[in-house]
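Chemist: My questions will all concern the structure given below.
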Amino acid sequence: MANEVQHGIEPHQPSGTPASGTPALSLTGASKTFGPVVALADGTIDLRAGEIHALVGENGAGKSTLVKILAGVHAPDGGEFEVGGAPVSFKTPADSKAAGVSVIYQEPTLFPDLTVAENIFIGRQPRNRAGLINRGEMRRMARELFATLGVPIDPDRIAEGLSIADQQIIEIAKAISLDAKVLVMDEPTAALSGVEVDRLFGVARGLREKGAGILFISHRFEEVFALCDRITVMRDGRYIGVHNTSEVTVPQIVKEMVGRELGALFPKVDAAIGETVLSVEGLTRLGTFRDISFEVRAGEIVALAGLVGAGRTEVVRAVFGIDRYDSGSVTLHGKALAPHNPQAAITAGIGFVPEDRRKQGLVMDLSVAKNATLTLRKALARFGLISGSRERRTAEDWSSRLQVKTGSQDYAVSTLSGGNQQKVVLAKWLATEPTLLIVDEPTRGIDVGTKSEVHRLLSDLAGRGIAIIMVSSELPEVLGMADRILVMHEGRITAELPRAEATAERVMSAATSSLEGAL
Amino acid sequence: MSETLSPNIVKARSGLAKRLTGSDAIIIYILVAVIIVSMISVRFFASTLTVGFLSIQVIPILLIAMPMALVIISGEIDLSVASIAGLTSAVMGVLWRDSGWDIGIVILVSVLVGVVCGVVNGFLITTLGLPSLAVTIGTLALYRGLALVVIGDQKVANFPKELNTFVLSKIGTTGIPVVMIFVVIIIAFFAVLLHFTPFGRGLYALGFSKEAATFVGIRVGRAKFWLFVGTGVVSSIVGVFLTLRLASAGPDNGTGMELSVIAAVLLGGVSIFGGKGSIPGVVGGVLLIGVLTYSLRLAKVPETALIIVTGSLLVLSVVAPSIVSWARERLRLARVHRVVQQTSSSGSPHA
Amino acid sequence: MSIDTARPPVHTDHGGPIHAVRGFFRSREIPVAGALIALVIITTLINPRFLSPQSVKDLMLNATIVIILAVGQALVIITENVDLSIGSILGLVAFGTGTLFNAWPGVPIPLVFLGGMLFGAVLGAINGFLVTAAKVPALVITLGTMYIFRGILTSWAGSKQYFSGDNPKAFGNLSVDVFLGIPIITIVAIVVVIAVGIFMHSVRAGRDLYAIGSDRDAARLFGIAVGPRVLAAFVASGALTGLAGVLYTSRYNSVGALTGSGLELDVVAAVVVGGVAISGGTGTVFGAAIGAVLLSTITSSLTATRVDKFWQQAFVGMLILAAIIVDRAVSVRNARKLRVSESRDV
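From first to last, the protein sequence lines stand for chains Z, W and L. For the first sequence, the numbering used here gives the first residue as 4, with consecutive numbering after it. For the second sequence, the numbering used here gives the first residue as 5, with consecutive numbering after it. For the third sequence, the numbering used here gives the first residue as 54, with consecutive numbering after it.
Shown next as structure tokens:
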């Protein structure tokens, strides 16, 4: 994956003031274990004042455990932790904030019923002489913060309904008002559009100039290389190494992250392409996607690529029937598919592995067996009645086929690792014997080993004649697995690239510009 | 985002072991224990009269607890059930007194009242998407109010004697009321519905996660709608039952029943958060409160103490799981501490 | 170079009077205040004697107890909890007040108030402790304590009743005497509303309650002491209920085992109608107070317009439903407007 690709990200601007060398935050050899699981074995970060420092690693590398330690959510079992040169021991998130560490999560947590200003100052609102909250002063202080950030947001507005981008800015404003010396941004750009990413980067650079230390966690190398001064790599819960951005290339970083060459990961076997299974014409939902038309044939893997927010998940949700659409049609095996009716889609032979495994793909508190057979609840019924033993047998059958590692079928599915959870989701859909399988970010949050198992499985299914639509934000996955790539940008399909013509640059280019090239 | 295993391994014993130690089994054990103790220590408890009185008392709660359990498992609540019973009773009284219809028609129309009330609840909660707690507080007032409007503060009492006798009649010499057969059928219906049908499976999924349920094709709105119609119908059947049993139709028949029903359902192991619970457990819960109340009364324990007992049982039933998991967590932390002490004292290096 | 379509900017802020006025009219209290005014106007048109001095005095007296109860309940509901045991608490305190006067006729009245509020606070603390420690919905806990407290009252009181004649004259006069045309106990209620209202609006601890109700987990993550705050809300609600209980004994003829039975639903209704969402985080005690006035005015209104008093409960029910529906319609409309203004120009 080239790191010279431009797509709305300004090229790397080295900091005006060199990293001052004073450590803003230093974590050495931190470890954290949950029961039998070692989430973090050697967490090490050396963050200096006046630098933007990237933390990269695959899902499962231990990044989010490390962040939680920095945030004071977890206390490390071992290791040394210093902020501003002094050793610290956080018992609660409040301790972390008090020490000057602020974390901006991917999903900001604002209070929807309170105003923006109050969200920033909750717990420490400015008071007048009578001891009562001075709202005028609070408003003024909020406006000042937004002016510093260069973002106009109405401080009196209720926080509910704000876009994620705006919510992040408010969180940053909160951090500044808390005099944060360390700002941790956990995958902040996942839900942002290009303009918003630019805005965020501008804010980050401004903070860097003022001497803050910023830890930037991301999967997106283009952004990491454009924004960050140094990069720390983690793998399997351990610190692997740290580099100056200017002295290292993407392939080198990837190699450290993954521990092996990229190529070996995505084995798509060539399969015989058959009849058209799905035909989508002119699908439109006002404000979300427009005029989406494509076909998928038996044995084919069609990838929907693009940046987060391009509308890919929305399109497949509309095809499956979770969401409505305003115009257009969906035809399966030549027959029109009733809109907004997931049960009809399932009966017609569509399976849907959703994006959010925990909230959409599985019922976390139910057992593995019950989850695996949830889609079959009607099919398993004889005279309207289901027998528990038939359920269990079916679940065990599929579990072993997919090699789901679990102590027992009766354990709650929340006890499984991400990879095994995803296998349960796949099992439950494969059990319905679909002719079309839609998978949305099939390998997100999964360890590397299971990832290639999933890819092998998908390839296998295609080989057996199942049509597959794969929504993915991981370019190597898209390039490796897809027979055809449909690229979306801001709600429209901007390119359709057959495997032979697909390159990272062409995909990225189509993902970031409107309606040019191959349409 | 990295993935880590959940720190609390939720173990579930399989098959028979699970059945014999699950929370509803515990209720059954307690119930059996209470019955045995009562038979030994309370005079007059062990008699067919007991069975008769107890059953008649417990039937209304038992009936409504069935659909209520499903509603709570699906993550909602229905506080208007007693008012629906009251409204049904009022309508029944007025129809019988003023319309000249056959009693059979009167009963049928009265049950329709429950259907309408349930439909209104269902519509407000599923189609308009309003919170069920607030809505059913509103309809609790509305339906009770309508009952007052319909019949005022009068009572209608001249129902056919045969019906009153029938309702109170027993099977042979067992002391079991004849209507119990009907009740058992209803219990069986809901048990099968919840535990052995696709609908029931869907309900558990729905109670835990609405989103995930939608993704497997469950029509969340439709399912909940019919559940509220269910509580409506059963409540109005209970209203008819109460009217015939007391041989009197009035707007306050059944006042306060909703709380006894909910207390019994929660005691029976249904989680207020949704997603968990079983019919046998609920039956156990109803019987436990019923038997305990009855036997204490028979033992001349003052009425007021009974209320305290019911309330305490309710609080205990929801607080106990928290205490248990708190204790478990303390033990686990202590264990982890010990392990960490051991490894660091054995000199394992860090950094 | 980015070629993305830019998102329309969020409204740049404007302070100033027009903004404040517009904000005022969009506040959650306006619908219920409007309903109250409409009700009073319509009733007076039908029966002009509705606004006669005696009638107004009765209105105020009737509303007092419910207002105080509603303020306490609002505190609890704003934190996303509910307290169904207030009827039983009120009964206990009321009967306790009667007992106190009977045992010690010379007791200084301020002490009675203090004792009543303390008693209520203790009972509220029991609720609060169970809710915060057990992490179980308050609905269930207070359902249980409603039973337990009522049971304790019934066994304590038995069939005994204390009548207003048993109480010192000065005490009963609190409900009769007026100051500037307003009954003394109503003045107490007004003071309570204003004091608690200011607390909820302009004191940090009060704002914390809103944060907890808005998103409890975020509040915890942010370092707000959720447990102690919720406990405090229940204690405050208990104390206010205790106050209402003492005033009840002053106002009404008799107190006994059944006192306060069924009040909780009326109070929850008043609070919901007054704009406090049952999901917590929004609404004010002012709105709750207006809701309480509205609810108690309906009874008098129905009598004044000769409408069958049997319609009262039905009206209350319809009001609650209307309040919830309107609230939902407004938030759906707002969400739609936001989605449209922030969606892509596709």
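Glycine residues also receive a C-beta, built at the ideal position from the N, C-alpha and C atoms.
Is D45/Z near the ligand MG, judged by its Cβ being under 8 Å from some heavy atom?
Modeler: Only the bare structure without any ligand can be found here, which leaves the ligand MG out of the picture.
Chemist: In whole angstroms, what is the alpha-carbon distance linking A430/Z and A339/Z?
Modeler: 27 Å
Chemist: Short of 9 Å Cβ to Cβ, which residues in the region 130-150 of chain W face chain L?
Modeler: L132, G133, L134, P135, L137, A138, V139, I141, G142, T143, L144, A145, L146, Y147, R148, G149, L150
Chemist: Residues of chain Z with a CB under 7 Å from the CB of Y208/W: which are they?
Modeler: L369
Chemist: In three-state DSSP terms, what is S105/Z?
Modeler: strand
Chemist: I'd like to know whether the C-beta of R342/W is nearer than 9 Å to at least one C-beta of chain Z.
Modeler: By this cut-off, R342/W is not an interface position.
Chemist: May I have the straight-line CA-CA distance separating K213/Z from A74/Z, to the nearest angstrom?
Modeler: 22 Å
Chemist: If you check the beta carbons only, do S114/W and A151/W fall under 9 Å apart?
Modeler: Cβ distance not < 9 Å, so S114/W and A151/W don't count as in contact.
Chemist: In the DSSP assignment, the beta strand (DSSP E) including M237/Z goes from what residue to what residue?
Modeler: 233-238
Chemist: Against chain L, which members of the region 317-342 of chain W pass a CB distance test of less than 7 Å?
Modeler: L318, V319, V322, V323, S326
Chemist: At which residue ranges does the region 117-147 of chain W contain complete beta strand (DSSP E) runs of 3 or more residues, listed in the order of the chain?
Modeler: none
Chemist: Residues of chain W with CB under 8 Å from S208/L, in chain order?
Modeler: Correct list: P306, T308, A309, I312.
Chemist: Write down every uninterrupted run of the alpha helix (DSSP H) in the region 426-513 of chain Z whose length is 4 residues or greater and which is fully enclosed by it, in chain order.
Modeler: Whole alpha helix (DSSP H) segments, 4+ residues: 451-466, 478-484.
Chemist: Does the beta carbon of T95/Z sit closer than 9 Å to a beta carbon anywhere in chain L?
Modeler: yes
Chemist: Between the C-alpha atoms of F232/L and F103/L, what's the straight-line distance to the nearest angstrom?
Modeler: 21 Å
Chemist: Short check: CB of A271/L to CB of F124/Z, under 9 Å?
Modeler: no
Chemist: Examine the Cβ distances between the region 71-78 of chain W and the region 266-279 of chain W and report whether three or more of them are shorter than 8 Å.
Modeler: Yes: the two stretches touch, three or more of their Cβ pairs being nearer than 8 Å.
Chemist: Nearest to S321/W by CA position, among L310/W, V62/W, R47/W, V269/W, is which residue?
Modeler: V269/W
Chemist: Counting only beta-carbon atoms, is T277/W nearer than 9 Å to chain L?
Modeler: At residue 277/W the sequence reads Phe, which differs from the Thr that was named. F277/W counts as touching chain L.
Chemist: Identify whether T118/Z lies in helix, strand or coil by the three-state DSSP scheme.
Modeler: strand
Chemist: Where S27/L and R304/L are concerned, what is the direct C-alpha to C-alpha distance, given to the nearest angstrom?
Modeler: Residue 27/L falls outside the range modelled here, since chain L spans only 54 to 399, and no answer is possible.
Chemist: Look at V371/Z and D443/Z and say whether their C-beta atoms are less than 9 Å apart.
Modeler: no
Chemist: Under 7 Å, CB to CB, which of the residues in the region 304-329 of chain L have a partner in chain W?
Modeler: L318, V321, A322, V325
Chemist: Is there a Cβ of chain Z sitting closer than 9 Å to that of Q345/W, yes or no?
Modeler: no
Chemist: Closest to T356/L by CA distance: which of G298/L, L347/L, Q107/L, T96/L is it?
Modeler: T96/L
Chemist: With which residues is H56/Z paired in a DSSP beta bridge?
Modeler: L218/Z, R233/Z
Chemist: In its own chain, which residues sit with a C-beta less than 6 Å from the C-beta of R495/Z, not counting the 5 before and 5 after it?
Modeler: R293
Chemist: Around the Cβ of A27/Z, are there at least 16 other Cβ atoms within 10 angstroms (buried) or fewer (exposed)?
Modeler: buried
Chemist: With I222/W as the anchor, note down where its alpha helix (DSSP H) starts and where it stops.
Modeler: That residue, I222/W, is in no alpha helix (DSSP H); it is neither H nor E in DSSP.
Chemist: Less than 6 Å between C-beta atoms, sequence neighbours within five positions excluded: which residues of the same chain meet that for E298/Z?
Modeler: T279, S282
Chemist: Residues of the region 121-134 of chain Z in Cβ contact with chain L at a cutoff of 8 Å, in chain order, please.
Modeler: E121, I125, G126, R127, Q128, R130, G134
Chemist: CA-CA distance, I243/L and R127/Z?
Modeler: Roughly 29 Å between the two C-alpha positions.
Chemist: Go to R273/L, then tell me how far its alpha helix (DSSP H) extends in each direction, as first and last residue.
Modeler: 269-275
Chemist: How would you list, in chain order, the residues of chain Z whose beta-carbon sits under 9 Å from the beta-carbon of D261/L?
Modeler: I125, G126
Chemist: Looking at the strands, I want to know which residues DSSP matches up with L335/Z.
Modeler: L281/Z, K338/Z
Chemist: Could you tell me which chain Z residues have their CB closer than 9 Å to the CB of F363/L, listed as they occur along the chain?
Modeler: Those do not exist, as F363/L stays about 38 Å from chain Z at its closest Cβ, beyond 9 Å.
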